[in-house]
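Beneath this line is the structure, given in structure tokens, with notes to follow.
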Amino acid sequence: NILSVTIGSAGSLLKQQQSQIFSFLDSKKIKYKAVDITQGSEVKEEMRKKTGNPTALPPQVFNKDVYCGVSLEAAMWTFNHFNQVYKCQTGTKAYTCSVTSWFS
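Taking my numbering, the leading residue of the sequence shown gets 1089, the next gets one more, and so forth.
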């Protein structure tokens, strides 16, 4: 299971949302990596394609290619949902999530 979060680099609200999402994921010991969408327009377009919104801005939360929402609550719901459905435990090989952050 791969959890992806798009993250923006401008504005205090976006920075606060980014911090909340990463703090939650860190507290659950979910591994993640950052991908900077300023490195190429194709990465930003991929984010927008997954949301179904050609003007979408970060933050965005995905589980693989499934769009979950734009908030910490979306990340928490995704995490809790997968724990229920797959009976996974954090910190085990059975549940390793990768969070991709995108910067606009």
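Glycine is no exception: its CB is placed at the ideal position from the N, C-alpha and C atoms.
Boundaries cannot be given for D1153, as no alpha helix (DSSP H) includes it and DSSP labels it neither H nor E.
The DSSP-derived three-state label of N1141 is coil. The Cβ-Cβ distance between P1147 and L1113 does not fall below 8 Å. When DSSP states are grouped into helix, strand and coil, I1118 belongs to the coil group. When the five nearest sequence neighbours on each side are left out, the beta carbons in the same chain lying within less than 7 Å of the beta carbon of K1138 are those of F1150, D1153 and Y1155, in order along the chain.
The straight-line gap separating the alpha-carbon atoms of S1115 and R1136 is approximately 28 Å. For N1168, the closest alpha carbon among the candidates I1118, G1099 and Q1105 is that of I1118.
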